[in-house]
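Numbering (our numbering), first residue to last: 84 to 547.
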Ligand SMILES: Nc1nc2c(ncn2[C@@H]2O[C@H](COP(=O)(O)OP(=O)(O)OP(=O)(O)O)[C@@H](O)[C@H]2O)c(=O)[nH]1
Ligand SMILES: [Mg+2]
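Right, here's the structure in full:
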């Protein structure tokens with residue numbers, strides 16, 4: 084994941100501020116150094132890094148922390164705002180009829196992203212179609228067709244036609260019933276004139292509402308030039324960053340976004356059509372800083388619920404964000420999680436478990452965690468309704484009974500209670516961020532005010 088170690092290294096320095104009411108110049112310098120190191124390691128453009136760190140430094144030293152805010156929270160909220168500002172807003176994608184053209188180098192993930200985006204739009208109630216115009220790579224047609232069928236969306240391609248422009252034209256005609264047309268194009272190993280010619284011609288015929296550049300997260304500083312060239316030829320409105328599930332650093336993609344004055348639209352986090360997320364700057368940075376990303380998590384839980392028909396009349400993930408977080412909520416979350424994709428991705432979104440925590444785990448920790456979750460299930464099965472609803476009331480004698488009943492040992496039972504407490508606490512912090520704990524409203528508010536410099540969000544005490 085992008086800037087993976089930023090969260091953990093930064094939290095280290097920030098923790099040193101705990102208990103202090105003022106930050107010293109030294110403190111700020113150390114924090115800024117950590118940020119610089121992480122960003123540069125992640126291949127973010129040097130001048131961007133310098134701009135960012137100097138504004139953090141300036142603000143941390145000059146701005147007065149709002150009353151009652153600790154030094155740590157004050158600095159954290161500045162870092163947060165500046166990082167949100169760096170990654171920028173999410174590309175505007177209205178949920179309406181539109182045509183989207185995908186561009187990018189060979190293997191960047193265009194075809195996969197086309198199917199993922201189509202799947203995403205279909206989940207939003209629109210009717211998408213994928214049009215495959217790649218006549219360059221043998222197998223492109225079959226691959227795109229296969230992926231579109233996995234996404235359960237309409238598909239057009241023609242393996243017998245070797246004119247991509249003609250395919251594009253016919254594709255739009257043949258799929259005219261669809262609302263959202265996603266046009267996939269061929270890639271080349273480098274930006275050659277014939278690729279540029281081809282995509283310009285397709286662009287003219289397709290007349291897209293949006294052009295998205297698909298970039299592999301592994302692309303380093305080279306992203307800048309590539310982005311510039313595509314921007315010059317067809318104009319880039321947004322970027323889809325793929326393969327964020329790998330070890331890639333992703334900073335190059337951030338640089339490309341800044342270079343083209345565009346924004347990030349989607350993040351690809353795996354090979355299947357469901358491994359896609361709409362980019363959300365606030366959630367993204369929260370996750371990066373190890374604050375968890377509740378909105379994404381809620382969305383994934385909802386999806387997982389729908390898919391497994393487990394939709395439970397009594398349970399709405401939103402409730403969890405509003406009021407009390409019971410062991411039942413935690414169990415639902417765990418159940419859904421198994422259907423939500425790779426555990427480490429999901430973990431990243433859980434408040435208190437994200438970011439650095441994953442880095443610190445040994446390689447086989449994920450399996451251990453899976454075992455632990457299974458144990459937690461068994462432990463919960465040995466609890467009464469009342470205990471599940473109000474775990475705080477569970478005392479030593481109950482722990483003993485539950486341990487005996489589940490055969491899992493008292494330590495496991497306590498671990499579960501600990502874990503629940505931690506999650507509940509972090510949720511509370513998030514609730515505190517909005518007035519009246521309204522998560523949706525808070526997110527909107529933050530999106531409206533975030534990144535605007537000044538102290539827009541600082542006053543809300545988001546980390547208090
Ligand atoms: N792990 C992972 N793999 C991905 C992701 N997106 C794409 N891939 C893989 O990357 C490889 C290339 O993806 P494609 O979608 O075929 O890329 P493309 O840009 O269409 O490639 P060309 O058509 O040859 O230019 C495939 O093996 C995909 O499965 C992602 O988000 N995560
Ligand atoms: Mg392709």
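All residues carry an ideal CB built from backbone N, CA and C; glycine is no exception.
Contact set for residue i: own chain, Cβ-Cβ below 8 Å, skip 5 residues either direction
| i | result |
| --- | --- |
| residue 173 | 346, 347, 348, 361, 362, 363, 364 |
| residue 469 | 476 |
| residue 227 | 194, 197, 198, 213, 215, 217, 238, 240, 267 |
| residue 311 | 342, 343 |
Sequence-distant residues of its chain with Cβ nearer than 7 Å to residue i (five each side left out)
| i | result |
| --- | --- |
| residue 252 | 288 |
| residue 192 | 297, 299, 325, 326, 351 |
| residue 554 | This structure gives no information on residue 554, because the portion of the chain shown stretches from 84 to 547. |
| residue 270 | 187, 188, 189, 190, 191, 193 |
| residue 502 | none |
| residue 313 | 186, 296, 319 |
| residue 176 | 348 |
Beta-carbon proximity of residue i to residue j, cut-off 9 Å
| i | j | result |
| --- | --- | --- |
| residue 460 | residue 414 | yes |
| residue 368 | residue 294 | no |
| residue 477 | residue 463 | no |
| residue 267 | residue 213 | yes |
| residue 170 | residue 211 | no |
| residue 98 | residue 155 | yes |
| residue 181 | residue 292 | yes |
| residue 234 | residue 202 | yes |
| residue 507 | residue 407 | yes |
| residue 146 | residue 157 | yes |
| residue 230 | residue 356 | yes |
| residue 497 | residue 489 | no |
Residue i to residue j span [Cα, whole Å]
| i | j | result |
| --- | --- | --- |
| residue 500 | residue 329 | 33 Å |
| residue 35 | residue 473 | Any answer about residue 35 is impossible in this case: the structure gives the chain only from 84 up to 547. |
| residue 306 | residue 504 | 43 Å |
| residue 105 | residue 165 | 20 Å |
| residue 111 | residue 342 | 28 Å |
| residue 119 | residue 323 | 25 Å |
| residue 232 | residue 319 | 28 Å |
| residue 205 | residue 263 | 9 Å |
| residue 308 | residue 411 | 51 Å |
| residue 492 | residue 409 | 22 Å |
| residue 471 | residue 339 | 49 Å |
| residue 130 | residue 103 | 32 Å |
| residue 128 | residue 163 | 19 Å |
Same chain, Cβ closer than 6 Å to residue i, five either side skipped, listed in chain order
| i | result |
| --- | --- |
| residue 272 | 189 |
| residue 316 | 279, 283 |
| residue 257 | 239 |
| residue 254 | 214, 239 |
| residue 510 | 408 |
With 16 other Cβ atoms within 10 Å as the buried cut-off, status of residue i
| i | result |
| --- | --- |
| residue 96 | buried |
| residue 121 | buried |
| residue 566 | Residue 566 cannot be examined here, being either before or after the span of the chain that is shown, 84 to 547. |
| residue 278 | buried |
| residue 438 | Note that residue 438 scores a pLDDT of 48, beneath 50, so its modelled location is shaky; the value from the coordinates is reported in the next line. So residue 438 ends up on the buried side. |
| residue 523 | Caution is warranted here: a pLDDT of 47 is assigned to residue 523, below 50, making its placement in the model unreliable, and the coordinate value is therefore given only provisionally. Looking at its Cβ environment, which holds fewer than 16 other Cβ atoms inside 10 Å, residue 523 is exposed. |
| residue 337 | buried |
| residue 133 | exposed |
| residue 286 | buried |
| residue 93 | buried |
| residue 550 | The structure shown does not extend to residue 550, since the chain is modelled only from 84 to 547, so the question has no answer here. |
| residue 108 | exposed |
| residue 275 | exposed |
| residue 454 | exposed |
| residue 100 | buried |
| residue 457 | exposed |
Within-9 Å CB hit, residue i to chain C
| i | result |
| --- | --- |
| residue 278 | The structure shown has no chain C; it contains just one protein chain. |
Next on the checklist: So, does the segment 192–199 touch the segment 144–153, judging by three or more C-beta pairs under 8 Å?
Outcome noted: These segments do not touch.
Next on the checklist: Could you check whether the segment 102–121 touches the segment 133–140, counting it as contact only if at least three pairs of C-beta atoms, one from each stretch, sit closer than 8 Å?
Outcome noted: For the pair of segments examined, the segment 102–121 was found to touch the segment 133–140: the number of CB pairs separated by less than 8 Å reaches three.
Next on the checklist: For the segment 237–253 against the segment 206–222, do three or more pairs of beta-carbon atoms, one drawn from each stretch, fall closer than 8 Å, so that the two count as touching?
Outcome noted: Yes: at least three Cβ pairs fall under 8 Å.
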